[in-house]
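As numbered in our numbering, residues -2 to 400 make up the sequence shown, in order.
Glycine included, C-beta positions come from ideal geometry on N, C-alpha and C.
Read the structure below first, then the notes.
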Amino acid sequence: MTARWLMPWVALASGALAADLHAAARAGEGVPAEATQAPGAEPAVAASTFRDPDDGHFDMSKWLLDRHGFLPVPIIITDPALGYGGGMVFAFFHRPKGSASTRTASDGSTQMIAPNIIGALVMKTENGSKAYGGGGMLHFRDDTWRYKGGVADADFNIDFYTSGRLLPETQVAVNLTGLGSMQQVSRRIGDRELFLSAQWIYTDLDPRLQDPGQRPLFDDVDFEQVNSGLGLSLEYDSRDNPFTPSRGYLLMAQGNAYLPEIGSDLTFQTYRAHGYGYWPVGAHLVLGGRADFRHADGDVPFYRLPYIDLRGIASARYQDDTTGVLESELRWNVTPRWAGIGFLGAGRAWGARAGFDEATTAVSKGLGVRYLVARQLGLYMGADYAWGPEDRTMIVQFGGAWR
-2 MTARWLMPWV ALASGALAAD LHAAARAGEG VPAEATQAPG AEPAVAASTF RDPDDGHFDM
58 SKWLLDRHGF LPVPIIITDP ALGYGGGMVF AFFHRPKGSA STRTASDGST QMIAPNIIGA
118 LVMKTENGSK AYGGGGMLHF RDDTWRYKGG VADADFNIDF YTSGRLLPET QVAVNLTGLG
178 SMQQVSRRIG DRELFLSAQW IYTDLDPRLQ DPGQRPLFDD VDFEQVNSGL GLSLEYDSRD
238 NPFTPSRGYL LMAQGNAYLP EIGSDLTFQT YRAHGYGYWP VGAHLVLGGR ADFRHADGDV
298 PFYRLPYIDL RGIASARYQD DTTGVLESEL RWNVTPRWAG IGFLGAGRAW GARAGFDEAT
358 TAVSKGLGVR YLVARQLGLY MGADYAWGPE DRTMIVQFGG AWR
């Protein structure tokens, strides 16, 4: 939960000041840098900092990579489960001196090594949900080792839904307050694109029903607070870059065991297997495909059950022991800087609440636009408009939508 909310907002930090920076760059066109500063003063940041020397367009590569860009960034939240809201991300991009920016993959292709990103966030939405936290994504020894993690304190007001198998489906308003942490360390296997990871996921959440009269709809395990789980994952990553890939694959299988011996109130297991693929089609199109399978077993509290994770569908709207999602996306690079996006996805949740044949297939679709905001990183920024079974929503995207 923590990583899913935290890391996309950390990634947003590299681009939200685009309008102000673009205006500053235009204001400095044709004016020598030395003419805008007092004698003896330190040289001002040149307007070219935010312009690509190859095409002259607005670009943040130099700011992020050469100047270790630190940016305070306003963010927009449009998840139907939380309502509209916003906040601020403070992110710091840094590539250690002497570290490699690319590596040669086993098939001879070139892969980008992402810079280190460290950030913090605060957020609040119209339904009273709020959170603050921090995290980072770090690389060591030319991407032989990776670290990804974050910690957040949250107070979320979110709707969950009963199964509807024996009684009519009921919408239940729940407040989740507490702390969440995800820590993961990964090690490259040899010189291949394979990583073995160990992770620790910890949450201490206090679930409270807004209507206490709905308590009989839940089991006792649903109100246990502390979940502490250790896990392993195996990941294959041949993408050309981790932000907005144009070719390659990300394949991962992972499992986590929550046990009293490591501080958990409950005993249960969670599993996830997912894969993303990217294929260039001609000179201007990139086709993407996603398959995502999640399962939970044991004394699983309702707020830790898998749910259908698709744009345009509220978080936790469709939950059960198992979920499966298929999604495709087509990116059309209309110009070297601008691209259009079209996507279509479907998911199903089944298990204790409904058998596979009885479960609802939830479909989402949408359109989006992207701008190549950092060419050297292959990093696009934009927004998607998505239609789901119940909701329509706008999602701000920085990098790819799949995480």
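{"query": "Is the beta carbon of Leu364 sitting closer than 9 Å to the one on Phe340?", "result": "yes"}
{"query": "Is any heavy atom of the ligand COA found at a distance shorter than 8 Å from the C-beta of Gly279?", "result": "As far as ligands go, the structure on display features none, and thus does not contain the ligand COA."}
{"query": "What does DSSP give as the partner residues of His136 in its beta bridges?", "result": "Arg143"}
{"query": "Ordered along the chain, which non-local residues of its own chain (more than five positions away) have a Cβ less than 6 Å from that of Tyr144?", "result": "Leu135, Val182"}
{"query": "Where does Trp276 land, buried or exposed, given buried means 16+ other C-beta within 10 angstroms?", "result": "exposed"}
{"query": "State buried or exposed for Glu409, treating a residue as buried only when at least 16 other CB atoms are found within 10 Å of its CB.", "result": "There is simply no residue 409 to check, as the chain begins at -2 and stops at 400 in what is shown."}
{"query": "Which residue's Cα is closest to the Cα of Leu61: Met391, Arg372, Ala398?", "result": "Arg372"}
{"query": "Take Gly146 and list the residues in its own chain whose beta-carbon comes closer than 8 Å to its own, dropping the five residues that flank it on each side.", "result": "Ala0, Gly132, Gly133, Ser178, Met179, Gln180, Gln181"}
{"query": "So, with DSSP's three-state summary, where would you put Thr437?", "result": "Outside the displayed span of the chain (-2 to 400) sits residue 437, for which this structure offers no information."}
{"query": "Beta carbon of Tyr300, beta carbon of Gly286: below 9 Å?", "result": "no"}
{"query": "With DSSP as the reference, label Tyr129 as helix, strand or coil.", "result": "strand"}
{"query": "Is it true that the segment 313 to 331 meets the segment 287 to 296, where meeting means three or more beta-carbon pairs spaced less than 8 Å apart?", "result": "yes"}
{"query": "Across which residues does DSSP place Phe395 in a beta bridge pair?", "result": "Met378"}
{"query": "Applying the 10 Å Cβ sphere with the 16-neighbour rule, what's the burial state of Arg350?", "result": "buried"}
{"query": "Taking all protein chains shown into account, do 16 or more other C-beta atoms lie within 10 angstroms of the C-beta of Gln316, making it buried, or fewer, making it exposed?", "result": "buried"}
{"query": "Using beta-carbon positions only, say whether Leu202 and Val169 come within less than 9 Å of one another.", "result": "no"}
{"query": "Is Pro50 helix, strand or coil when you go by DSSP?", "result": "coil"}
{"query": "Can you give me the C-alpha to C-alpha distance between Arg236 and Ala313, rounded to a whole angstrom?", "result": "29 Å"}
{"query": "Ends of the beta strand (DSSP E) at Lys362?", "result": "358 to 371"}
{"query": "Taking the continuous beta strand (DSSP E) assigned at Leu191, which residues delimit it?", "result": "191 to 206"}
{"query": "Let's see if you can read the secondary structure: which residues bound the beta strand (DSSP E) around Lys121?", "result": "113 to 122"}
{"query": "If contacts are defined as beta-carbon pairs under 8 Å, then Ala117 and Phe87 qualify, I think. What distance do you get, rounded to the angstrom?", "result": "5 Å"}
{"query": "Of the choices Val297, Leu282, Tyr246, Ala250, whose alpha-carbon is the least far from that of Ser261?", "result": "Val297"}
{"query": "Just reading off the alpha helix (DSSP H) that Leu62 is part of, what are its end residues?", "result": "58 to 62"}
{"query": "How would you label Ile259, buried or exposed, when you count the other beta carbons within 10 angstroms and need 16 or more for buried?", "result": "exposed"}
{"query": "So within the segment 216 to 268, which uninterrupted beta strand (DSSP E) runs reach at least 3 residues, ignoring any that extend past its ends?", "result": "223 to 234, 245 to 255"}
{"query": "Could you check the C-alpha separation between Ala250 and Gly53 for me, to the nearest Å?", "result": "43 Å"}
{"query": "Would you say Thr241 and Gly385 are within 9 Å of each other, going by their C-beta atoms?", "result": "no"}
{"query": "By the three-class DSSP mapping on this structure, what secondary structure does Leu79 have?", "result": "coil"}
{"query": "Which of the three DSSP states is assigned to Arg212 in this structure?", "result": "helix"}
{"query": "Name the one or two DSSP bridge partners that Leu327 has.", "result": "Leu284, Gly339"}
{"query": "Residues in the same chain with beta-carbon distance under 6 Å from Thr200, minus the five sequence neighbours each way, listed in chain order, please.", "result": "Gly177, Asn224"}
{"query": "Below 9 Å between beta carbons: does that hold for Gly245 and Ser230?", "result": "no"}
{"query": "Of all the options Asp294, Pro303, Trp335, which has the alpha carbon lying nearest to the alpha carbon of Gly344?", "result": "Pro303"}
{"query": "Spell out the partners DSSP gives Tyr304 in its beta bridges.", "result": "Gln316"}
{"query": "When you compare only the Cα positions, how much space is there between Tyr382 and Leu206?", "result": "32 Å"}
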